[in-house]
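Trainee:
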Amino acid sequence: MQHIYDMIIIGGGPAGYTAALYAVRAGLDALVIERMSAGGQMALTGNIDNYPGFEEGIDGFALGMKMQKSAERFGAKTEYADVTSVDFSQKIKKVQSSDSDFYGKTIVIASGANPRELGLPMEKELIGKGIHYCAHCDGRFYKDKTVVVVGGGNSAAADALYLSRLASKVYIVHRRDSLRATKIYHEPLLKATNVEFLWNSVVSELVANDRIVGAKITDTATKEVTNINCDGIFVSIGRKPATEFLNNSVALDSNGYVIADESTRTSAEGVFAVGDIRTKALRQVVTAVSDGAVAVHFAEEYLAENT
Numbered sequence: 003m004q005h006i007y008d009m010i011i012i013g014g015g016p017a018g019y020t021a022a023l024y025a026v027r028a029g030l031d032a033l034v035i036e037r038m039s040a041g042g043q044m045a046l047t048g049n050i051d052n053y054p055g056f057e058e059g060i061d062g063f064a065l066g067m068k069m070q071k072s073a074e075r076f077g078a079k080t081e082y083a084d085v086t087s088v089d090f091s092q093k094i095k096k097v098q099s100s101d102s103d104f105y106g107k108t109i110v111i112a113s114g115a116n117p118r119e120l121g122l123p124m125e126k127e128l129i130g131k132g133i134h135y136c137a138h139c140d141g142r143f144y145k146d147k148t149v150v151v152v153g154g155g156n157s158a159a160a161d162a163l164y165l166s167r168l169a170s171k172v173y174i175v176h177r178r179d180s181l182r183a184t185k186i187y188h189e190p191l192l193k194a195t196n197v198e199f200l201w202n203s204v205v206s207e208l209v210a211n212d213r214i215v216g217a218k219i220t221d222t223a224t225k226e227v228t229n230i231n232c233d234g235i236f237v238s239i240g241r242k243p244a245t246e247f248l249n250n251s252v253a254l255d256s257n258g259y260v261i262a263d264e265s266t267r268t269s270a271e272g273v274f275a276v277g278d279i280r281t282k283a284l285r286q287v288v289t290a291v292s293d294g295a296v297a298v299h300f301a302e303e304y305l306a307e308n309t
């Protein structure tokens with residue numbers, strides 16, 4: 003007989019493991035399917051200072067492991083696998099993974115969002131060879147070297163500030179004429195003597211042999227191209243939701259995020275979306291955690307009415 007879980011949670015980030023914790027504490031049989039390691043994108047963050055309860059901050063990977071252990075302490079189970087497709091058309095829902103198939107009465111989609119790429123030739127081949135998407139993960143390799151940060155939002159500004167403490171030179175390439183990041187980042191970046199802004203500009207070409215040695219920067223107004231030498235390029239231009247496996251099983255918005263309101267309910271009965279994957283105003287660890295708890299509340303209601 004195929005085991006049927008009360009709840010299957012796709013993704014082991016803060017939203018996913020909070021859902022797992024609340025589910026098992028409510029007496030539900032819950033499974034988390036995670037493709038890599040606990041914490042999701044949070045695990046790639048070197049230090050988290052805005053999650054309550056850690057006055058000195060906490061490493062993102064460490065926080066992810068704590069969340070996993072908290073849920074597993076009460077009986078949550080974890081399977082490490084890639085979810086490849088789903089079928090939400092029946093009362094008992096099917097989740098197909100790279101390892102096996104799983105069945106559940108309710109589903110929580112917590113698959114998060116992945117870094118957006120520049121979309122340039124050779125970009126994928128140069129990942130880890132000068133192309134990076136996480137400054138806190140790979141910045142240590144660029145001590146006293148020259149790096150480029152692409153982007154102008156909070157993540158890009160935070161990455162540039164972090165790298166300015168390691169690298170000898172940091173170029174910030176942004177397609178607009180000012181940062182979109184919150185004001186808290188502006189002053190320290192402007193004061194950093196090794197940070198240079200390249201406004202109204204984009205990286206138009208990667209220069210490399212077996213690894214990155216430079217980049218061609220195009221001015222979006224004049225179309226003038228400037229060559230700069232650099233050792234690494236950190237791409238921080240937003241994220242794309244990890245929804246490929248859903249195959250139109252739930253409604254998505256124009257940007258590919260799962261449409262779900264503050265109840266976390268999706269267009270499919272018994273299916274909920276939490277964390278960065280759902281339509282929401284603010285994507286932070288603390289809002290992801292909140293989503294996880296809310297999803298279980300409404301999942302319990304669904305189970306009570308449908309079992």
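Letter by letter, the sequence shown follows residues 3 to 309 of my numbering. From the three backbone atoms N, C-alpha and C, an ideal C-beta is built for every residue, glycine too.
1) Look at G294 and Y24 and say whether their C-beta atoms are less than 9 angstroms apart.
2) Rank L30, G14, K282 by C-alpha distance to the C-alpha of M67 and give the top, closest one.
3) Considering Cα atoms alone, identify which of A306, T245, N250, K79 is closest to V276.
4) Give the single residue among V237, K242, S292, G29 whose Cα lies nearest to the Cα of D263.
5) What three-state label does DSSP hand A28 in the structure shown?
6) Starting from A217, trace the beta strand (DSSP E) both ways and give me its first and last residue.
7) Should I11 go down as buried or exposed, given a rule of 16 or more other Cβ atoms within 10 Å for buried?
8) Rounded to the nearest angstrom, what separates F311 and E74 at their Cα positions?
9) For the alpha helix (DSSP H) that contains A158, what are its first and last residues?
10) Using three-state DSSP, classify Y144 as helix, strand or coil.
11) Can you tell which of D89, S39, A17, G42 has the C-alpha that lies nearest to the C-alpha of N250?
12) Contact defined as beta carbons within less than 8 angstroms: I believe V172 pairs with L165. What is the distance between those atoms, to the nearest angstrom?
13) Return helix, strand or coil for Q70, following the three-state DSSP convention.
14) Count Cβ pairs between the region 179–196 and the region 207–215 that sit closer than 8 angstroms; are there 3 or more?
15) Could you check what DSSP says for K95 in three-state terms: helix, strand or coil?
16) Ordered along the chain, which non-local residues of its own chain (more than five positions away) have a Cβ less than 7 angstroms from that of V298?
17) Between the C-alpha atoms of D51 and L122, what's the straight-line distance to the nearest angstrom?
18) Indicate whether V215 and N231 have their beta-carbon atoms separated by less than 9 angstroms.
19) How about T195: is its C-beta nearer than 9 angstroms to some C-beta of chain D?
20) Give me the Cβ distance between V150 and I239, rounded to the nearest whole Å; I'm assuming they're in contact under 8 angstroms.
21) Tell me whether V288 sits in a helix, a strand or coil according to DSSP, three-state version.
22) Could you work out which residue in Q98, A40, L181 is closest to G114 when comparing CA atoms only?
Mentor: Per the coordinate set shown:
1) yes
2) G14
3) T245
4) S292
5) coil
6) 214–221
7) buried
8) Not covered by the structure: residue 311. The range shown for the chain is 3 to 309.
9) 156–166
10) helix
11) D89
12) 5 angstroms
13) helix
14) no
15) strand
16) A21, Y24, A25, A28
17) 34 angstroms
18) yes
19) This model lacks chain D altogether, as it is built from one protein chain only.
20) That belief does not hold up - the Cβ atoms of V150 and I239 are roughly 12 angstroms apart, past 8 angstroms.
21) helix
22) A40
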